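Throughout the sequence shown, residue numbering follows full-length UniProt numbering, covering 1 to 119 in sequence. Since the structure comes first, as structure tokens, the remarks are kept for the end.
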Amino acid sequence: MHDPTRVSSFDLGTFDPVARPRRQAAAQPAPPAPRRKKAAAAEPEPVAASPVAASPAIDPAELAAVQAELAALRAEVAAIKDAPAAEARRKALAEAWAADLAWRTAEARPPASRPPEDR
């Protein structure tokens, strides 16, 4: 007969819950990477700079306008991403409000006009 409180009733044979699994042979360590030689103290070659036209300074008013437009676009993207959650919250609130209104209306009626199951 099977007794769930006795380990011997599970017929586990030679199972030893304390035994440790056999260890496999350790993998051979990777050979060490070759060491780099120290760099010579010579000066690095100068990099030829390509001629670049001087960029005009950015107008602070234009920068502020661009930053304001960027902030408005980020807010619009956040609102679009949040739209499904906001719609779900609005719908749940409307359903709760309708249920509360129905309950209050039913409670406000005199007992004689209520259906028999509500009395």
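All C-beta atoms, glycine included, are put in the ideal place defined by N, C-alpha and C. Bear in mind that the values here come from a model prediction, so they are computed numbers and not experimental data.
{"Asked": "Backbone CA spacing between Ala-72 and Ala-64 [nearest angstrom]", "Found": "12 Å"}
{"Asked": "Every unbroken beta strand (DSSP E) inside the stretch 64-100 [3 residues or more]", "Found": "none"}
{"Asked": "Ala-98 to Ala-75 span [Cα, whole Å]", "Found": "32 Å"}
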